[in-house]
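Enquirer: Shown below is the structure under consideration.
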Amino acid sequence: MEPFKKIKSIVTPLDKVNVDTDQIIPKQFLKLVQKTGFGQYLFYDWRFENGDKPREDFVLNNPKYCDSKILLTRDNFGCGSSREHAAWALLDYGFKVVIAPSFADIFYNNCFKNGILPIRLDSQSVEKLFNNSSEIEADLQNQTIAVGDIIIPFEIESHRKKTLLEGLDDIAVTLQYEDKITMYEKSKSKL
Amino acid sequence: MSRTLFEKIWDSHVVVQQDDGPSLLYVDRHLVHEVTSPQAFDGLRMNKRIVRRTDLTFATMDHNVPTTDRSLPIVDQISSRQIQVLEKNCKDFGIELFDIHSPNQGIVHVIGPELGITLPGTTIVCGDSHTSTHGAFGSLAFGIGTSDVEHVLATQCVWMEKPTTFEIKVEGKRKNPHAITAKDIILSIIRQIGTAGGTGTIIEYRGGTISDLTMEQRMTICNMSIEAGARAGLVAPDEKTFEFLRGKKYVPKNYDELVNYWRENLKSDAGAHFDKSFTLYADKISPQVSWGTNPAMTTDVTGTVPFPEEYSKGNVDEEKAALKALQYMGLKPGTQITDISLDRVFIGSCTNSRLEDLIEASKLIKGKKISSKVRAMVVPGSQLVKRQAEQLGLDKIFKDAGFEWRESGCSMCLGMNPDILASGERCASTSNRNFEGRQGAGGRTHLVSPIMAAAAALAGHFVDVRELDLN
Chain A
0 MEPFKKIKSI
10 VTPLDKVNVD
20 TDQIIPKQFL
30 KLVQKTGFGQ
40 YLFYDWRFEN
50 GDKPREDFVL
60 NNPKYCDSKI
70 LLTRDNFGCG
80 SSREHAAWAL
90 LDYGFKVVIA
100 PSFADIFYNN
110 CFKNGILPIR
120 LDSQSVEKLF
130 NNSSEIEADL
140 QNQTIAVGDI
150 IIPFEIESHR
160 KKTLLEGLDD
170 IAVTLQYEDK
180 ITMYEKSKSK
190 L
Chain B
0 MSRTLFEKIW
10 DSHVVVQQDD
20 GPSLLYVDRH
30 LVHEVTSPQA
40 FDGLRMNKRI
50 VRRTDLTFAT
60 MDHNVPTTDR
70 SLPIVDQISS
80 RQIQVLEKNC
90 KDFGIELFDI
100 HSPNQGIVHV
110 IGPELGITLP
120 GTTIVCGDSH
130 TSTHGAFGSL
140 AFGIGTSDVE
150 HVLATQCVWM
160 EKPTTFEIKV
170 EGKRKNPHAI
180 TAKDIILSII
190 RQIGTAGGTG
200 TIIEYRGGTI
210 SDLTMEQRMT
220 ICNMSIEAGA
230 RAGLVAPDEK
240 TFEFLRGKKY
250 VPKNYDELVN
260 YWRENLKSDA
270 GAHFDKSFTL
280 YADKISPQVS
290 WGTNPAMTTD
300 VTGTVPFPEE
310 YSKGNVDEEK
320 AALKALQYMG
330 LKPGTQITDI
340 SLDRVFIGSC
350 TNSRLEDLIE
360 ASKLIKGKKI
370 SSKVRAMVVP
380 GSQLVKRQAE
390 QLGLDKIFKD
400 AGFEWRESGC
410 SMCLGMNPDI
420 LASGERCAST
430 SNRNFEGRQG
440 AGGRTHLVSP
450 IMAAAAALAG
460 HFVDVRELDL
470 N
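What follows is the structure, given as structure tokens:
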């Protein structure tokens, strides 16, 4: 995984609560057997009419946001299905940061496995960002979002921060505990 | 110190405990299916890794399999490829697979318990959010993403931050348990606590009503824990649990010894602390019908489609969401739920496709015909459920009434196979998610119990099943 660098970009505002992973990547695209190529299907049913015509009223189709790397949204983003395809689609489309007041657990976890930074911010700060149209900078090292001269700090679990900053491979980390896993297996009666 | 059931299972599975951050948990059972695993196996290949415990890993194909005649080839080439990839991965890595022709094939959360792969006190993971179903047996069972599937295949462990605990008590005697089902209980809970009400928690369902439920009913409840945002939900195992599993194919040989241990140990201690608590009185609830595009957007069958401002109780974001949901669902506020007519009925999914669900629905259907306006389908959860139902003659009852009787799989719960709604079609469904497009782009889903779905199929619209003779 690529180590996470500072991200500077305008913000794509997706003003909805409870966006579920069925909307982020609809089921007809879960049949692919690789991790890439999902970006074209991101928010498919919201983005396209009859499968190909871009819906003008959907925020991702506004040319203003075409280079945006930061998605801003509302409470409980990523609820529902565990499909990691949702994280793959966001990343493949170009989003490296998602900001919301809260996230669903499995989606939140999946983001870190793919080098996406999900940032939990209080609702007031989220509201401020919804009312801002200039570029912002997400700085993971310092745990801040810079909006012009205003600095908004954010909290993140220290181990998750480390994973992203160093681009760590989870499995390689776990395999360092091989002796402990083996010891655990020996200590347990066979179930 | 007194501990909850969840804390006991957690403590006994910690392999590495860090001062700060997640713990490394051992996984006793890993269930694998075709949709969320191909990229995980690819990752293993790329890094020249093997599956650490093939004996604790079980695979089946359920999400995109057709539910029509299995002797015919699969028409959808992309689905077919995904199924072949799972076959190859299981062969290459030495994993037991219940393939499309296996007598044990079925929805992963239906076959786990019926084969005795699911056991009390164990940790169970699967790349599917409805893994919470297995919590009905007093196991800690939760869904994971594909990266974690790869991680578990390679290490038989998963990193997890310890969730908090949420006690949900269900008390009170249901006046008519055939009409007020486990589905109505869980929908009532989600309706009240919200789709994020359980986020970050493990729910333990407790109380007299839960004790009275059968194992199949407990599975329906635990299954939908994720719809309340909780990673897992569980019920302390009891004699019903032990009897359900006794004699199943994969239960360990020392079963009686294990039962003695489980009976003594697998329950929350008296006075154990829960971080959150909620009580539902089951004697006060009605059959539930969802009207919107998430499972909390649900009301009583005797109710009406709400006005957005009434539903949102002052929350601006929720009000906008409700307005959008009503547009998507093509419903006007104030409409009586029983005036909503239906095009389709789906009885199936990991929530409600077990033998008991089919028996309950068939009792109402027997000797009657479904509405001429409705196309209705029964998709048994597994090949075993299908065989057992056929032995009881349920297939004939459903077919005579005008239902289609299908092969087992996830089917129209998520519409990855050809079983989908056309745009604008309205469906009474026993599944778990009424998200936009879930059962087909533009399709409109109303979540209900099997008996409510059966009654809707006969009438062509929703019916209060308490008014029917269900005995």
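Protein chains in written order, with numbering that gives the first Met the number 0: chain A, 0 to 190; chain B, 0 to 470.
Even for Gly, the Cβ is constructed at its ideal location relative to N, Cα and C.
1. Given this structure, state the Cα-to-Cα distance separating D54 (chain B) from R28 (chain B), to the nearest angstrom.
2. Compare the C-beta of N61 (chain A) against all C-beta atoms of chain B and say whether one is closer than 9 Å.
3. As an exercise, report each continuous alpha helix (DSSP H) stretch of at least 4 residues that is fully enclosed by the segment 309 to 375 of chain B, in chain order.
4. Under 8 Å: do the segment 277 to 293 of chain B and the segment 178 to 187 of chain B share three or more Cβ pairs, one atom per stretch?
5. Cα-Cα, which of B:V13, B:G197, B:K174 is closest to D104 (chain A)?
6. Tell whether a beta-carbon distance below 9 Å holds between V392 (chain B) and G347 (chain B).
7. Under the DSSP definition of a beta bridge, which residues are partnered with Y25 (chain B)?
8. So which residues on chain B does S101 (chain A) lean against when the C-beta distance must stay under 8 Å?
9. Ends of the beta strand (DSSP E) at C125 (chain B)?
10. Taking Cβ-Cβ distances shorter than 9 Å, what residues in chain B pair up with Q22 (chain A)?
11. Can the beta-carbon of M214 (chain B) be found closer than 9 Å to that of A135 (chain B)?
12. Does chain B have any CB closer than 9 Å to the CB of G79 (chain A)?
13. When the Cα of C349 (chain B) is compared with those of B:D61, B:A39, B:H12, which residue comes out closest?
14. With distances taken from CA atoms, which of B:S371, B:V258, B:L233 is nearest V344 (chain B)?
15. Please report the residue range of the beta strand (DSSP E) in which T163 (chain B) lies.
16. Note down, in chain order, every chain A residue with its Cβ under 9 Å from the Cβ of A440 (chain B).
17. If we define contact as Cβ-Cβ less than 9 Å, is T143 (chain A) a contact residue for chain B?
18. Using the beta-carbon of each residue, which ones in chain A are nearer than 7 Å to P21 (chain B)?
19. Please compile the residues from chain A whose C-beta is within a distance smaller than 7 Å of the C-beta of W458 (chain B).
20. What are the boundary residues of the beta strand (DSSP E) that includes T232 (chain B)?
21. Near P100 (chain A), what residues of its chain come up, given a Cβ to Cβ distance below 8 Å and the 5 sequence neighbours on each side ignored?
22. Does chain B have any CB closer than 9 Å to the CB of N113 (chain A)?
23. Just grab the DSSP bridge partners of K7 (chain A) for me.
24. Provide the residue(s) that pair with V462 (chain B) in DSSP beta bridges, ordered along the chain.
25. Give me, in chain order, the residues of the same chain whose beta-carbon lies closer than 6 Å to that of N113 (chain A); leave out the 5 immediate sequence neighbours on both sides.
26. Can you tell me where the alpha helix (DSSP H) holding E203 (chain B) begins and where it ends?
27. Using a C-beta to C-beta distance shorter than 8 Å, which residues of chain B count as neighbours of T173 (chain A)?
28. Are at least three pairs of beta-carbons, each pair with one atom in the segment 323 to 343 of chain B and one in the segment 211 to 225 of chain B, less than 8 Å apart?
29. Taking C-beta pairs closer than 7 Å, name the residues in chain B that I69 (chain A) reaches, listed in chain order.
30. For the ligand FAD, I want to know if C65 (chain A) counts as a neighbour, meaning its beta carbon is within less than 8 Å of at least one of the ligand's heavy atoms.
31. In angstroms, rounded to a whole number, what distance separates the CA positions of I135 (chain A) and K127 (chain A)?
32. Taking M223 (chain B) as the reference, which of B:F165, B:A321, B:K331, B:T130 has the closest Cα?
33. Shorter than 9 Å from the beta carbon of K30 (chain A) to some beta carbon of chain B?
34. Per DSSP, S276 (chain B) is paired with what?
Expert: According to the data block:
1. 9 Å
2. no
3. Secondary structure in the segment 309 to 375 of chain B: the alpha helix (DSSP H) runs of 4 residues or longer, each lying completely within the stretch, are 315 to 328, 354 to 364 in chain order.
4. Two segments are said to touch when three or more pairs of C-beta atoms, one from each, lie closer than 8 Å; by this definition the segment 277 to 293 of chain B touches the segment 178 to 187 of chain B.
5. Selection B:V13, B:G197, B:K174 evaluated against D104 (chain A) yields B:G197 as nearest (Cα-Cα).
6. Here residue 392 (chain B) turns out to be Gly, not Val, going by the sequence shown. No, they are not a contact pair.
7. B:C156
8. A195, T198
9. 122 to 125
10. For Q22 (chain A), the neighbours in chain B by C-beta distance under 9 Å run, in chain order, F434, E435, G436.
11. yes
12. yes
13. Its Cα nearest to that of C349 (chain B), the residue B:D61 stands out among B:D61, B:A39, B:H12.
14. B:S371
15. 163 to 170
16. P25, Q27, Y43, D44, G50
17. no
18. H158
19. The sequence shown places Ala at residue 458 (chain B), rather than the Trp named in the question. Chain A residues near A458 (chain B): none, gap ~29 Å exceeds 7 Å.
20. As written in the sequence, residue 232 (chain B) is Gly, which differs from the Thr given in the question. G232 (chain B) -> beta strand (DSSP E) spans 231 to 233.
21. R73, D74, R119, L120, D121, S122, V125
22. yes
23. A:E136
24. None; V462 (chain B) has no bridge partner.
25. A86, L90
26. Premise fails: E203 (chain B) lies in the beta strand (DSSP E), 200 to 205, not in any alpha helix (DSSP H).
27. Contact of T173 (chain A) with chain B by beta-carbon distance below 8 Å involves L23, H150, A153, T154, C156, W158.
28. no
29. Residues of chain B passing the Cβ test: none, with the nearest at roughly 20 Å.
30. Of the ligands one can find in the structure shown there are none, so the ligand FAD has no counterpart to examine.
31. 12 Å
32. Cα-wise, what sits closest to M223 (chain B) is B:T130.
33. yes
34. B:E166
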